[in-house]
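Notes for the one structure printed next.
2 protein chains.
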Amino acid sequence: MMERKEQMDRELIYIKPDEIETKSFKIIDEELAMRGIVLPLEASDKAHDGCRIRRAPVIKRVIHTTADFDYADNLLFSDDALIRAEKLLMSGCVIVTDTNMAYAGINKKALDKLGAECICYMADEDVAREAAVRGVTRATVSMERTIELDRPVIYAVGNAPTALVSIYENRLKLRPGLVIGVPVGFVNVVAAKELIISSDIPYIVARGRKGGSNVAAAIVNALMYQLTDR
Amino acid sequence: MMERKEQMDRELIYIKPDEIETKSFKIIDEELAMRGIVLPLEASDKAHDGCRIRRAPVIKRVIHTTADFDYADNLLFSDDALIRAEKLLMSGCVIVTDTNMAYAGINKKALDKLGAECICYMADEDVAREAAVRGVTRATVSMERTIELDRPVIYAVGNAPTALVSIYENRLKLRPGLVIGVPVGFVNVVAAKELIISSDIPYIVARGRKGGSNVAAAIVNALMYQLTDR
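Top to bottom, those sequences are chains A and B. Residue 1 is where the first sequence starts when you use our numbering, and the numbers rise one by one after that. Residue 231 is where the second sequence starts when you use our numbering, and the numbers rise one by one after that.
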């Protein structure tokens, strides 16, 4: 079966633009089944009753974005993550990213439908200046800057482990609504994610080194699409 | 050694912001060595003599961006790819992306230093309109639109296999300078990449399903950094 699939992959097939995504998710479902992976359809706690957001569509969208089935194992959700995500998105929260790439990847039409907003401070001149003076990363300063926001915040971190450390250290002031912690890389990435997992902050984290701005955006979109029926 | 590294990974270390990337690349070098992978330092053909761009820094930056060592095997370069990249970037080419994410990830300071430019047509209203009328993807229309450009083009495709098909079908009119073909996904992605590999278009391609807008941007940046000394 795997061979037939790869053979098919080498031949271009005609498919309508609006059917590509549906077919992609069908293939992902088939391959998850072939690999014997059963994704959780619901959170493990009772608090999830009535929540319209499920884990499986989030995990599948990340696999769709990366073609990497590792995320079927890597993605961890705190018990309260999805119910928090629904509450935050339905009450017009702010989504703060740590890269302009993640910002660019978040679906603006879905944001509009929900009355939510996306912000990224990383390209601000004064963020760069303050970071240079203090000898910290721009991501650290960017996260601190969210103290000024007067709305609840979902942090979508796809690049900088220092962003996660900054959120953790300032958690009493920031009161993070939800942290999507999926930075990628080799220095402090694993440890920064474990810091979030060990805290009482609601989280969706890609355990290990993998992640990225594309993964952060995919998770935000997957959460939103379950509420907007896209 | 792997155990010690994993232990270290779980502890946050203090590191200056400007040293994070250097340390990351050092870890990548160490792990490539542990895995017995030797990256090519130069292209295999004589045409490469005098070219300032090498393959290894491109491959390593993609691994840095994804934490995925699969790219040590997946990334294929046509023999003329790097010498073409150098000529194009040094003569102020246009880089055309198939997503706003890839556009956002390409380093604008490096572009400025080289007098190069980056364009993405994907969010244009009239591209969406034409695509809907014709029943094709916006990526198809976006690539066709580059016929209007009066400068040589590097195509950086991180998302849509239809973009690669469009470039291939219009290659005599478009005369693509270089195609960075790294779309990700499950439908027509493998076949579209093989189409480029089998053509006489200069290419850098991530063979198989993997890739992404982040990978496309990382490749463009890795090419530019070797010319700008960042």
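Backbone N, C-alpha and C define an ideal beta-carbon position, used for all residues, glycine too.
Let me check understanding here. Comparing Cα to Cα, which of the options lies closest to residue i?
i	options	result
B:G345	B:S321, B:H294, B:R405, B:L242	B:S321
A:R134	B:D248, B:R265, B:I384, B:G415	B:D248
B:F299	A:R209, A:L223, A:L227	A:R209
B:D303	B:A286, B:E251, B:E316	B:A286
A:Y225	A:K113, A:V38, A:S199	A:K113
A:S166	A:A33, A:E144, A:R84, A:L32	A:E144
B:R460	B:Y385, B:T252, B:L318	B:T252
A:I63	A:E30, A:R10, A:D80	A:E30
A:V179	A:Y203, A:T228, A:N107, A:S199	A:Y203
B:Y301	B:L318, B:R284, B:L262, B:G280	B:L262
B:N400	B:S429, B:V414, B:E360	B:S429
A:A85	A:R54, A:K108, A:K109	A:R54
B:K317	B:D380, B:L404, B:G280	B:G280
Taking the Cβ atom as the reference point for each residue, do residue i and residue j lie within a distance shorter than 7 Å?
i	j	result
A:A216	A:G177	no
A:N188	A:P152	no
A:I196	A:L164	yes
B:R291	B:A436	no
B:C348	B:L341	yes
B:T295	B:S443	no
B:A452	B:V288	yes
A:I27	B:F307	no
B:V371	B:V357	yes
A:M101	B:A369	no
A:Y155	A:V96	yes
B:V420	A:R10	yes
A:V220	A:I83	no
A:L89	A:L227	yes
Here's the rule: buried if 16 or more other CB atoms are within 10 angstroms of the residue's CB, otherwise exposed. What is residue i?
i	result
A:K16	exposed
A:M122	buried
B:E378	exposed
B:K423	buried
B:L402	exposed
A:A67	buried
B:I243	exposed
A:R52	exposed
B:G441	buried
B:S274	For B:S274, the pLDDT reaches just 49, beneath the cut-off of 50, and the residue's location in the model is therefore unreliable, leaving the point undetermined.
B:P270	exposed
B:A362	exposed
B:D310	buried
B:S254	buried
A:V182	buried
B:V414	buried
Any idea what DSSP makes of residue i, helix, strand or coil?
i	result
B:T370	helix
A:A132	helix
A:E11	coil
A:I219	helix
A:Y203	strand
B:Y398	helix
B:Y385	strand
B:I349	strand
B:I336	coil
B:K440	coil
A:A163	helix
A:L149	coil
A:K113	helix
A:K16	coil
A:T228	helix
A:D124	coil
Can you give, in chain order, each stretch of the beta strand (DSSP E) that sits fully within the segment 173-201 of chain A and has at least 3 residues? For the segment 173-201 of chain A, whole beta strand (DSSP E) runs of length 3 or above, ordered along the chain, are 178-181.
Which complete alpha helix (DSSP H) runs does the segment 259-334 of chain B hold, if anything under 4 residues is left out? Counting whole runs of 4 or more residues, the segment 259-334 of chain B contains the alpha helix (DSSP H) stretches 285-296, 301-304, 311-320.
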